[in-house]
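Numbering (UniProt numbering), first residue to last: 1 to 116. Have a look at the structure below before the remarks.
Pasting the structure below:
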């Protein structure tokens with residue numbers, strides 16, 4: 001079980017204008033563990049995918065969760081869980097400081113072995 005309060009600082013919004021937020025949270029029963037909670041409005045996803053929602057997370061969100069669950073590597077984030085409400089889908093992963101890898105790649109273009 002995860003709890004996003006009192007640490008609830010949005011980390012990013014999507015580049016394509018989608019109302020996507022990632023929050024920093026703490027595990028409820030292990031408050032020393034910090035997690036990232038990606039909050040995805042189902043309304044926006046249904047517009048993009050052109051599909052009707054039946055109260056559960058759309059397949060695109062489930063697919064992302066399955067991919068994260070299947071990746072087991074020390075340099076990749078660890079998937080914690082996925083849950084949803086009537087209006088939102090949430091993907092919970094371990095929290096890693098430093099932002100998104102894509103943002104760093106876009107900024108630096110080329111990385112050496114000792115780059116930040």
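Just so it is clear, CB atoms sit at the ideal spot from N, CA and C, and this is done for glycine as well.
Annotation for residue 66: the continuous alpha helix (DSSP H) segment containing it runs 59-70. Note on geometry: alpha-carbon atoms of residue 95 and residue 26 lie some 10 Å from one another. Residue 43 carries a helical assignment under DSSP once its states are collapsed to helix, strand and coil. In the DSSP annotation of this structure, the continuous segment of the beta strand (DSSP E) that includes residue 94 starts and ends at 88-94.
Between residue 61 and residue 40, the beta carbon gap of about 6 Å places them in contact (Cβ cut-off 8 Å).
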